[in-house]
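Chains as they are written, first to last, in the numbering used here: chain U, 97 to 394; chain L, 97 to 394. Since the structure comes first, as structure tokens, the remarks are kept for the end.
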């Protein structure tokens, strides 16, 4: 299972009850953050997250509302005695931004391993999950992230017996891992869906969202503006309206859609929900602390 | 009159209900901030402060809990269309820290005028107030600030008539300003107390606090630790315990003492108040949103 929590649902500027953009994702005792706006460390504390569980931070882009919380978070990691390395992924320029953040955090007791993504898309593994970064269309270089937890095929004990595999190895093969010359794939068990999450903000609608947005348990898109009169503005400043985000969800049919990165001009986001649910029933307007645990099917 | 509001009463790390260190001070439509920890811009919004009223930021020192909110605040100033210059004062290294903050805020529509304080003390005028920076004793270069609103002598209409000053100039002279060759000081009115505030965190007790801490309406000191068992720790990391801060107030007799920069280990600060009030009755344990309006005597 994967725990997901929207730490901050706000874009542009923080409001007293809406911190800037950040998503927390935990799997099997490790965790990652997606974006780190101002207020992220406070939200983590509110949600009683153990700071040391966070091994990876994925940054979408280098606008302040997505990264201003990083300096404080690094300092707090240091004050709490962290020694585990921290990996940070983000677009080109990430190293310069992290170096700048460290001007007032020059001495940290842990290593920071940076990866600047320059490809149109890049897939890598972290904390047992497969992460695919894909380029979005914003006013600066920006990436969305798809996170997949792959599920091994259903274990087939009859076939394992036929192949003469000792029972002590079954557990390993059941997890989809090869062991002592036996291959999990040889067991020919029934293929099963894993869990998949997509997080994309800030952007205009782009092909990559459709390419990477198939068969999702949870799709998290920005809903920067309510529709009324803001479409032209959204086009100009390279953001999505809530209506556009719901349109994407209608096309891709995730199990659920969360809208985040709400502009401060959206003063009553809940009021939009009924209208949006009419178009895509799985729509949820994000708020600080919105959380969900995703389980495998069955 | 001067409005004072403690935006954040926390030190080291922010807590959900205790933002990092910042003090807001408003006089005659303009305002200044003292320190700018993470969460400052959110607290300003909570207090319904008009961002554009802030003309000056005084930074005590370059530790993250006093300056991490600056990048986000500068960005928000810019997004709100600020064109008025912003003055920032702080210790040596301020320019480097602000340059670093601006790596993710490269384009701002207003000028930032920086002053690095290098003297043991430095007095200057801002927003109609006299500001005296004075060196503290912390693990890095650190300044406290005394803010004075001077009050002109009581206006003496009889003397003004004797000197043949036209009545249309009386208002200007009454404000203590010279006009058309007439000098406010020639009116010989009764001298009157102004208003005085001192803000000093993070520090050990030093002579400068006593030098600059006389005749205060409001003394704001850090109360990093409750006394029980933390004195040695406070000495090592160059902070004040609440007991030490109250001891300073006993000696200097301000009208009121606020304790701020509370460590996250101080989980129930209000519980300390009765004990501290026994030693200095004007003690108030700070909290986010604590505010007071200071008026002239009479």
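Yeah, the Cβ is synthetic: ideal placement off N, Cα and C, and Gly gets one too.
Against chain U, with Cβ distances strictly below 9 Å, would residue i count as a contact?
| i | result |
| --- | --- |
| residue 199/L | yes |
| residue 171/L | yes |
| residue 369/L | no |
| residue 137/L | yes |
| residue 163/L | yes |
| residue 134/L | yes |
| residue 196/L | yes |
| residue 211/L | no |
| residue 142/L | yes |
Is there a Cβ of chain L sitting closer than 9 Å to that of residue i, yes or no?
| i | result |
| --- | --- |
| residue 192/U | yes |
| residue 271/U | no |
| residue 178/U | no |
| residue 168/U | yes |
| residue 175/U | yes |
| residue 160/U | yes |
Could you check how far apart the C-beta atoms of residue i and residue j are, in whole angstroms? I think they sit under 8 Å.
| i | j | result |
| --- | --- | --- |
| residue 353/U | residue 320/U | So it is not a contact: roughly 14 Å between Cβ atoms. |
| residue 384/L | residue 103/L | 7 Å |
| residue 200/U | residue 160/L | 5 Å |
| residue 323/U | residue 337/U | 5 Å |
| residue 213/L | residue 187/L | 6 Å |
| residue 293/L | residue 145/L | That belief does not hold up - the Cβ atoms of residue 293/L and residue 145/L are roughly 17 Å apart, past 8 Å. |
| residue 112/U | residue 141/L | 6 Å |
| residue 345/U | residue 379/U | 7 Å |
| residue 386/U | residue 107/U | About 15 Å separates the two Cβ atoms, so there is no contact after all. |
| residue 236/L | residue 158/L | 7 Å |
Using a Cβ-Cβ cutoff of less than 7 Å, which residues in the same chain neighbour residue i once the five nearest sequence positions on both sides are dropped?
| i | result |
| --- | --- |
| residue 247/U | 288, 289, 290, 392 |
| residue 271/L | 248 |
| residue 250/L | 285, 286, 288 |
| residue 276/L | 265 |
| residue 139/U | 103, 104, 115, 118, 384 |
| residue 255/L | 283, 284 |
| residue 273/U | 280 |
| residue 179/L | 205, 206 |
| residue 137/U | 165, 168, 169, 172 |
| residue 252/U | 283, 284, 285 |
| residue 196/L | none |
Between which residues of its own chain and residue i is the CB-CB distance below 8 Å, once the five residues before and five after are set aside?
| i | result |
| --- | --- |
| residue 223/U | 123, 124, 126, 127, 128, 151, 152 |
| residue 341/L | 317, 318, 319, 353, 355 |
| residue 216/U | 230, 231, 304 |
| residue 194/U | 166, 184, 208, 210 |
| residue 149/L | 122, 125, 126, 127 |
| residue 174/U | 201, 203, 204, 205, 206 |
Once the 5 residues before and after residue i are set aside, which same chain residues still bring their CB inside 6 Å of it?
| i | result |
| --- | --- |
| residue 348/L | 309 |
| residue 326/U | 337 |
| residue 109/L | 360 |
| residue 350/L | 312, 315 |
| residue 362/U | 322 |
Say the cut is 8 Å; is the CB of residue i nearer than that to a heavy atom of the ligand ATP?
| i | result |
| --- | --- |
| residue 329/U | With respect to the ligand ATP, the structure offers nothing, as it holds no ligand at all. |
Legend entry - Uninterrupted alpha helix (DSSP H) stretches inside the stretch 244-328 of chain U (no shorter than 4 residues): 253-258, 266-270, 303-308
Inset, instruction - Below 7 Å between beta carbons is the criterion; list the residues of the stretch 114-131 of chain U that meet it against any residue of chain L, in chain order. - result: none
Inset, instruction - Scan the stretch 106-168 of chain L and note each continuous beta strand (DSSP E) run of 3 residues or more that stays entirely inside, going in chain order. - result: 118-123, 126-130, 150-154
Inset, instruction - Scan the stretch 100-114 of chain L for residues whose Cβ lies nearer than 8 Å to a Cβ of chain U and list them as they occur along the chain. - result: 108, 109, 110, 111, 112
Legend entry - Whole alpha helix (DSSP H) elements within the stretch 181-235 of chain U, 4-residue minimum: 190-197
Inset, instruction - Give, in chain order, every unbroken run of the alpha helix (DSSP H) that is at least 4 residues long and sits entirely within the stretch 318-392 of chain U. - result: 327-333, 338-348, 369-375
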